Each structure stands twice: as C-alpha cells, then as structure tokens.
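What follows is one structure encoded as structure tokens, with my remarks underneath.
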Amino acid sequence: MTVRNDFLTQDVARIIGLKRKDVIDACQRGIIEPRLQARGTGTRRVFSFKNVVQFQIFKILRGWGFSRPSIKRIFETIEAGGEADKLYSMEKSKETIFLAMVESGDKRVLRLISVKPGQFIKFDPEDTFAAFLINISETKKLIAERVEEI
51 MTVRNDFLTQ
61 DVARIIGLKR
71 KDVIDACQRG
81 IIEPRLQARG
91 TGTRRVFSFK
101 NVVQFQIFKI
111 LRGWGFSRPS
121 IKRIFETIEA
131 GGEADKLYSM
141 EKSKETIFLA
151 MVESGDKRVL
161 RLISVKPGQF
171 IKFDPEDTFA
181 AFLINISETK
191 KLIAERVEEI
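Residue numbers (my numbering): 51 to 200.
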C-alpha cells in the first residue's frame, strides 16, 4: 500500500472526522507527537501516516469514554513495548493486527495480536477478559481509502 506520509492538521481532521481543535489539542497535550511540530506563528504541524493511525485510535478510544490522560498512557505503552513499528507500518501484511486491552491476573495489559488468515484470535492463557479490541489492519485500510479521497 503506497500512501503519502505528509498530512496537515486539516487533512488529519478531514480523514479521521475530528475537529481541527481536537487535533491541535491532542498535540498540545503531548498525546500524539506530530512528525514535525509547529514552531511559532505561521508554521504548520506535519503529520505522518503513523500519526493518522494514532488519531483514529484516539477517536475510537475517546468514543468509548477513555480520558485523554489514559489514551496518552496507552500510546506510551505501545511505544515502550517495542511493537509500534508493526502497529503503524504502511506495509501490507497477510496477518490481521488487533490492539487489545486485557485483564491478566490482577492488572490490565495491552496486547498486540497478529492473526493469520483462517486463524482465531488467541489470548494468553492468563488473560481473563478483553476490555477492547481494535482491528488495526482494517483501520489502516480505511484510512488509506480516505487519504485517496482528499
């Protein structure tokens, strides 16, 4: 999948269906770090495809009632877990990738789950409950389609 990798604030807002002020707010709060940050009056933020995927996840989680600080912690956890490249990659994969928040023992954990065609989602045996599940592969596909429309 070849998708452009430079998006302005208004592009992100239009692709994801957010207000421009919500995009700006998420950047100012440090929830999502643009590829290039605006530096003073008259400069613009430039976002990558990774950022656009992050904004889609942000919108989904906000719709489910997650607070901005919680979403920021989720993104920090993804980055710290070393799975971010797989999650945000523009490369087409035969696997479907899901982001899941599960209860494992007495704590909540983020899991990145890859599922090959014809395979069922497999959770860790200690996982007792999936709090949310986002199909990242489908999310990236939908974003790529929206990008072509603008």
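Beta carbons are placed, not taken as given, at the ideal position from N, Cα and C, and that holds for glycine.
Owing to the predicted nature of the structure, the values given are computational and were not obtained by experimental measurement.
Could you tell me if Arg89 is buried or exposed, where buried requires 16 or more neighbouring beta carbons within 10 angstroms of its beta carbon?
The sequence position of residue 89 within the sequence shown is 39, counting from 1. Sixteen is the threshold: since fewer than 16 other Cβ atoms of the shown chains lie within 10 Å of the Cβ of Arg89, the residue is exposed.
DSSP puts Leu149 in a beta bridge; with which residues?
Within the sequence shown, the letter at position 99 stands for residue 149. Its beta-bridge partners are Leu162, Ile184.
Report buried or exposed for Ala130, applying the criterion of at least 16 other Cβ atoms within 10 angstroms of its Cβ.
Along the sequence shown, read from residue 1 onward, the residue named residue 130 stands at position 80. Exposed: under 16 other Cβ atoms inside 10 Å.
Of the choices Ile171, Ile186, Val165, Phe99, whose alpha-carbon is the least far from that of Asp56?
One-based indexing of the sequence shown puts residue 56 at position 6. Looking at Ile171, Ile186, Val165, Phe99, the one whose alpha-carbon comes closest to that of Asp56 is Phe99.
State yes or no: is the C-beta of Ile121 within less than 9 Å of the C-beta of Ile147?
Residue numbering aside, residue 121 sits at position 71 when the sequence shown is read from its first letter. Residue numbering aside, residue 147 sits at position 97 when the sequence shown is read from its first letter. Inclusion of Ile121 and Ile147 in the CB contact set at 9 Å is not warranted, their separation being larger than that value.
Nearest-angstrom Cα separation, counted from Lys157 out to Met51
Position 1 of the sequence shown holds residue 51. Position 107 of the sequence shown holds residue 157. Because Met51 carries a pLDDT of 46, less than 50, the predicted location of this residue cannot be relied on, and the following value inherits that uncertainty. Straight-line Cα distance between these residues: approximately 37 Å.
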